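Note that the UniProt record's numbering has the sequence shown beginning at 1, numbered continuously upward. Take a look at the structure below.
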Amino acid sequence: MADIGLVGLGTMGAALALNIAERGYDIAVHNRTVEKIGQFVDSAGELASRLTAAETPEALVASLSAPRSVILMVPAGAAVDATIDQLIPLLDKGDTLVDAGNADFNDTRRREAALAERGLNFIGMGVSGGEDGARHGPSIMVGGPEKSYAAIREIVEAIAADYQGSPCAAWLGPDGAGHFVKTVHNGIEYADMQMIAEVYGLLRDGEGKTPAETAPLFERWNEGKLRSYLIEITAEVLRAQDKTSGGPLLDVIRDSAGQKGTGRWTVIEALKLGQSASAIESAVAARSWSSMGEARAAGESRFGAAEKGTLSLDDGELEQALLAARIIAYGQGLALLQSASEHFDWSLDLGRVAEIWRAGCIIRSDLLDDISQAAREGLPHGLLTLAPAFADRMETAVPALRRVVLEGLRAGLPMPAMSSALAWFDTMRQSRGSADLIQGQRDFFGRHGFERTDNGLSDQHGPWAD
Ligand code: 6PG
Numbered sequence: 001m002a003d004i005g006l007v008g009l010g011t012m013g014a015a016l017a018l019n020i021a022e023r024g025y026d027i028a029v030h031n032r033t034v035e036k037i038g039q040f041v042d043s044a045g046e047l048a049s050r051l052t053a054a055e056t057p058e059a060l061v062a063s064l065s066a067p068r069s070v071i072l073m074v075p076a077g078a079a080v081d082a083t084i085d086q087l088i089p090l091l092d093k094g095d096t097l098v099d100a101g102n103a104d105f106n107d108t109r110r111r112e113a114a115l116a117e118r119g120l121n122f123i124g125m126g127v128s129g130g131e132d133g134a135r136h137g138p139s140i141m142v143g144g145p146e147k148s149y150a151a152i153r154e155i156v157e158a159i160a161a162d163y164q165g166s167p168c169a170a171w172l173g174p175d176g177a178g179h180f181v182k183t184v185h186n187g188i189e190y191a192d193m194q195m196i197a198e199v200y201g202l203l204r205d206g207e208g209k210t211p212a213e214t215a216p217l218f219e220r221w222n223e224g225k226l227r228s229y230l231i232e233i234t235a236e237v238l239r240a241q242d243k244t245s246g247g248p249l250l251d252v253i254r255d256s257a258g259q260k261g262t263g264r265w266t267v268i269e270a271l272k273l274g275q276s277a278s279a280i281e282s283a284v285a286a287r288s289w290s291s292m293g294e295a296r297a298a299g300e301s302r303f304g305a306a307e308k309g310t311l312s313l314d315d316g317e318l319e320q321a322l323l324a325a326r327i328i329a330y331g332q333g334l335a336l337l338q339s340a341s342e343h344f345d346w347s348l349d350l351g352r353v354a355e356i357w358r359a360g361c362i363i364r365s366d367l368l369d370d371i372s373q374a375a376r377e378g379l380p381h382g383l384l385t386l387a388p389a390f391a392d393r394m395e396t397a398v399p400a401l402r403r404v405v406l407e408g409l410r411a412g413l414p415m416p417a418m419s420s421a422l423a424w425f426d427t428m429r430q431s432r433g434s435a436d437l438i439q440g441q442r443d444f445f446g447r448h449g450f451e452r453t454d455n456g457l458s459d460q461h462g463p464w465a466d
């Protein structure tokens, strides 16, 4: 009998199944397009002996040892519900379904509650690291009933990335907590990617450098404080040559960024919680704007593009600017997690979250070691930027961010994520902002009332009320 089952042999599902088999577990696999199952098993080499090809959901369930656990790796949304509906009648009380895709955590909460009514366990499990991570060690963010994690914990920890001897996998909280954390992980991923792209834009359009000319800079940064997976792969992407044109590959890639929804979900949930992860919002917006190629071309013919090659930026300053912006993006993500944790009563351990992001996932970076430590010590007012180790860094890095943003804006180059990160930072170091005027306006046109600073009385009105 197989130790675990898996439905969905797309890129991520197939990689995860091979990872599980390689760690010594027997796994039964099923896929809606049945031909794919045989092809997958045939191509698995020596791991094939650990794989059971199940051509129907019934065969899959019948091949599992009880209590059964089945991982679903199917596209988010209707396909997950359809797969669950197929499996429910075949399962017994105490069996566990694990959704390992990028689900909207609201769906996970709904599914967990519905399955609990039938005595079935439902785990929402965020898996990060792309295909390579899934195959050789992803970061795994688990949510759902804590007791049901026991059923899959051994396998999950065995397949997860290893960070200095400890697995990058953890049960983080009930119902949708795991998928929420994964969603915010992706939101941070969007912000980080956008900020890196903005720096690339400054170097390419502001300084007139070719992609290959900028690659050494990213390689150097990857030896320093910015060391991270995304900086590392950026250097590789910048260096890649196109076989057809013989020129830089980047020069033939359309500048229209795809998005499957996790960044947008992060922003939606932040707004629902009365929060704003502005760097993430800007990154999502920038992807949307990137898809409006024809409108951008029309804008360029009407207003003209920024003049190229007018900037000369200091490499060290760019590095510091990116570091400051990155810290702000991580901090906004953590603040959002904290807010959701309080709202949904999850008791999320932010230190643990940062720990399991240190290896395997897309946003893994050297910073996360310090972030986990800062989170363990408690973030003053919930802000990473106020944690002593980070406040010191921000003192040095923010002036660089300001100069880089100023230079970029002066040259007319868009920097939505970096400039909004700076605006957030400046807002959060201003004890008296300008919202007094907004309160005055609100009271003027709608008698919404304001609080007085001199006597603390609320629901006060201006003279216009008379
Ligand atoms: C990860 C990635 C992964 C996937 C995203 C990309 O953590 O492994 O985030 O989940 O690459 O879905 O999302 P977009 O298509 O929205 O960029």
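Beta carbons: idealized from backbone N, C-alpha and C, even for Gly. All values derive from a computational prediction rather than experimental measurement.
Coarse secondary structure for residue i, derived from DSSP in three states
i: A150; result: helix
i: L5; result: For clarity, residue 5 is Gly in the given sequence; the question names Leu instead. Strand.
i: V404; result: helix
i: I123; result: strand
i: I71; result: strand
i: W171; result: strand
i: A465; result: helix
i: L226; result: coil
i: L91; result: coil
i: T33; result: coil
i: Q338; result: helix
i: S419; result: helix
i: Q439; result: helix
i: Q320; result: helix
i: Q194; result: helix
i: Q460; result: strand
i: S365; result: strand
i: L350; result: helix
i: A295; result: helix
i: S372; result: helix
i: S276; result: coil
i: I268; result: helix
Residue i versus the options, residue with shortest Cα-Cα distance
i: G129; options: Q320, I233, G206 and E207; result: I233
i: A59; options: S420, A21, V29 and P67; result: V29
i: E451; options: Q460, F444 and D443; result: Q460
i: M195; options: A324, A62 and A435; result: A324
i: V142; options: Q39, E154 and D132; result: E154
i: G331; options: R302, W424 and D251; result: W424
i: Y229; options: V80, M193 and A114; result: M193
i: L172; options: Y149, A158, A191 and Y190; result: Y149
i: I328; options: L368, W289 and C361; result: L368
i: H136; options: G144, R111 and C168; result: C168
i: S290; options: A257, T214 and D466; result: A257
i: D349; options: P174, L72, I363 and D162; result: P174
i: R227; options: A279, R296 and R358; result: R358
i: V127; options: H185, S347, K36 and K93; result: H185
Residue i burial status per 10 Å Cβ neighbour count (16 or more: buried)
i: L6; result: buried
i: residue 522; result: Limits of the chain in this structure are 1 at one end and 466 at the other, which puts residue 522 out of reach.
i: T11; result: exposed
i: residue 468; result: Examination of residue 468 is not possible in this model, given that the chain is present from 1 through 466 alone.
i: W464; result: exposed
i: T108; result: buried
i: M292; result: exposed
i: D99; result: buried
Same chain, Cβ closer than 8 Å to residue i, neighbours up to 5 away in sequence not counted
i: S312; result: E207
i: T96; result: P67, R68, S69, V70, L120, N121, F122, I123, S148, A151 and I152
Residues near residue i by beta carbon distance below 7 Å, same chain, minus five either side
i: P57; result: H30, Q86, L87 and L90
i: T396; result: Q320
i: R442; result: H448
i: I20; result: I4, I27, I155 and I159
i: A285; result: P416
i: G412; result: A306
i: G8; result: N31, L72, M73 and V74
Cutoff 6 Å; reference residue i; Cβ partners in own chain excluding five residues on either side
i: S372; result: G351, A354 and E355
i: residue 484; result: Missing from the structure shown is residue 484; the chain here goes from 1 to 466 and no further.
i: V34; result: E55
i: P380; result: L386
i: I231; result: F218, W221 and N222
i: A76; result: G101, N102 and A103
Beta-bridge partners of residue i, as assigned by DSSP
i: H185; result: DSSP output for H185 lists no bridge partner at all.
i: T52; result: A28
i: P248; result: Q241
i: V142; result: M125 and W171
i: Y163; result: S166
i: V98; result: I71 and I123
i: L64; result: A2
i: F303; result: Per DSSP, none; premise fails for F303.
i: F450; result: Q460
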